[in-house]
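The sequence shown maps to residues 147 to 385 in the numbering used here.
Glycine is no exception: its CB is placed at the ideal position from the N, C-alpha and C atoms.
The structure under discussion appears below in the form of structure tokens.
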Amino acid sequence: MSLLTEQIKASLIDKAIPEKAVFFPRFFKAGPGEYGEGDQFLGVTVPQQRKLAKTVFKEIDLDEVEELFHDVYHEVRLTAIYILVYRYQKSKNDLERKKLVDFYLSQLDYVNNWDLVDSSCHHILGHFYLHREKDIFFQLAETDHLWRQRVAMISSYYWIKKGFYNEALALAEKLISHPHDLIHKAVGWMLREVGNKDFEVEMGFLEKHYTTMPRTALRYAIEKFDPMLRKQLLEGKLE
Numbered sequence: 147m148s149l150l151t152e153q154i155k156a157s158l159i160d161k162a163i164p165e166k167a168v169f170f171p172r173f174f175k176a177g178p179g180e181y182g183e184g185d186q187f188l189g190v191t192v193p194q195q196r197k198l199a200k201t202v203f204k205e206i207d208l209d210e211v212e213e214l215f216h217d218v219y220h221e222v223r224l225t226a227i228y229i230l231v232y233r234y235q236k237s238k239n240d241l242e243r244k245k246l247v248d249f250y251l252s253q254l255d256y257v258n259n260w261d262l263v264d265s266s267c268h269h270i271l272g273h274f275y276l277h278r279e280k281d282i283f284f285q286l287a288e289t290d291h292l293w294r295q296r297v298a299m300i301s302s303y304y305w306i307k308k309g310f311y312n313e314a315l316a317l318a319e320k321l322i323s324h325p326h327d328l329i330h331k332a333v334g335w336m337l338r339e340v341g342n343k344d345f346e347v348e349m350g351f352l353e354k355h356y357t358t359m360p361r362t363a364l365r366y367a368i369e370k371f372d373p374m375l376r377k378q379l380l381e382g383k384l385e
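Here you go:
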């Protein structure tokens with residue numbers, strides 16, 4: 147590791163809270179057979195990681211960011227995520243942004259839990275591909291890889307916030323029958339965000355799928371609905 151990456155890791159270790167180091171493996175499902183199996187935790191809070199990332203993101207090289215991405219500790223990888231997001235948000239042109247997008251895509255094997263995905267993909271990929279062809283997201287959705295599929299779905303959050311729903315809904319339709327609960331939650335969350343912007347668009351999707359979509363996805367999607375309408379949808383008896 148470079149001197150800077152060693153310093154970053156040492157700073158995180160210094161901020162570790164033993165109780166959180168015990169709690170995080172349960173919270174992020176790092177036990178045998180769970181989706182985060184084998185992940186290791188220092189016990190550092192997110193605000194501490196963000197604060198550290200903001201102090202170094204301007205000076206650190208991508209080779210050093212890659213070292214952080216490859217670290218065994220979850221918080222070191224998440225700090226790398228924050229560094230990359232801050233670097234992307236401060237980029238001045240598409241050439242710089244494309245370099246960071248390509249780097250992010252090259253590191254997807256290490257974006258390997260839901261918080262790592264949710265803290266990065268819509269800020270980087272969602273932003274960059276807002277007005278570009280989105281084939282890459284459908285390719286990611288078609289992989290047999292949980293985190294790449296979640297990247298595909300959650301990246302649409304940026305488009306939804308900008309009022310573009312078509313690709314988000316198409317990805318939701320592609321992933322709606324996925325077997326994993328974390329994709330159900332991602333699909334439901336993005337549908338809810340669509341509804342926050344345009345209720346009729348979300349309802350149009352739900353009218354086609356509410357009787358067959360996974361219950362977790364449906365519950366997430368209708369969380370903010372009127373109680374009576376929510377009850378009808380959950381009971382499969384939309385009037």
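Among the options, nearest to residue i - alpha-carbon criterion
i, options, result
"His355", "Leu337, Glu212, Gln194 and Tyr219", "Leu337"
"Asp207", "Lys280, Lys245, Leu276 and Ile368", "Lys245"
"Asp386", "Lys204, Glu385 and Glu313", "For residue 386 there is no data in the structure shown, the boundaries of the chain being 147 and 385."
"Val222", "Ile270, Phe187, Phe173 and Arg243", "Phe187"
"Lys383", "Thr358, Glu369 and Tyr275", "Thr358"
"Leu446", "Gly309, His220, Val347 and Val190", "Residue 446 lies beyond the range of the chain shown here (147 to 385); nothing can be said about it."
"Gln194", "Glu205, Tyr366 and Tyr228", "Tyr228"
"Leu214", "Tyr181, Gln253 and Pro164", "Gln253"
"Arg294", "His324, Lys200 and Leu380", "His324"
"Val247", "Glu381, Asp255 and Leu271", "Leu271"
"Leu150", "Phe203, Met299 and Ile322", "Phe203"
"Tyr311", "Arg296, Met349 and Glu385", "Met349"
"Met299", "Phe173, Pro360 and Ile322", "Ile322"
"Gly182", "Ser157, Ile163, His216 and Leu292", "Leu292"
"Pro360", "Asp372, Pro373 and Glu381", "Glu381"
"Asp185", "Val168, Ala199, Thr201 and Pro373", "Val168"
"Ala156", "Asp209, Asp217 and Arg172", "Asp217"
"Thr201", "Leu158, Ala318 and Glu385", "Leu158"
Element boundaries [alpha helix (DSSP H), containing residue i]
i, result
"Met359", "No alpha helix (DSSP H) contains Met359, which DSSP labels as neither H nor E."
"Tyr250", "Asp240 to Ser252"
"Ala332", "Asp327 to Lys343"
"Thr289", "Thr289 -> no alpha helix (DSSP H), and no H or E assigned at all."
"Met374", "Pro373 to Leu380"
"Ile229", "His220 to Gln235"
"Asn312", "Asn312 to Leu321"
"Ile154", "Leu149 to Asp160"
"Leu262", "Trp260 to Asp264"
Length of the line joining the Cα atoms of residue i and residue j
i, j, result
"Leu230", "Asp264", "13 Å"
"Ala316", "Gly334", "13 Å"
"Asp240", "His273", "11 Å"
"Ile329", "Asn259", "12 Å"
"Asp134", "Lys166", "A query on residue 134 cannot be resolved here, the shown segment of the chain reaching from 147 to 385 and no further."
"Leu286", "Val257", "13 Å"
"Leu375", "Glu369", "11 Å"
"Lys236", "His268", "15 Å"
"Gly189", "Ile154", "15 Å"
"Leu262", "Phe283", "17 Å"
"Tyr219", "Ser148", "17 Å"
"Val192", "Thr289", "30 Å"
"Lys320", "Lys197", "37 Å"
"Glu409", "Val347", "Residue 409 is absent from the model: the chain starts at 147 and stops at 385."
"Phe249", "Glu180", "28 Å"
"Lys238", "Gly177", "42 Å"
"Ala226", "Tyr234", "12 Å"
"Lys307", "Ala332", "15 Å"
"Gly341", "Asp160", "43 Å"
"Tyr304", "Ala363", "19 Å"
"Ser302", "Lys175", "25 Å"
"Leu224", "Glu212", "12 Å"
"His326", "Arg278", "29 Å"
"Asp378", "Val297", "Asp is not the amino acid found at residue 378; the sequence shown has Gln there. Near 31 Å, if we compare the C-alpha coordinates of Val297 and Gln378."
"Phe351", "Glu205", "45 Å"
Handout entry: Whole runs of the alpha helix (DSSP H) within the stretch 173-226, excluding any shorter than 4 residues
Key = 192-202 and 208-215
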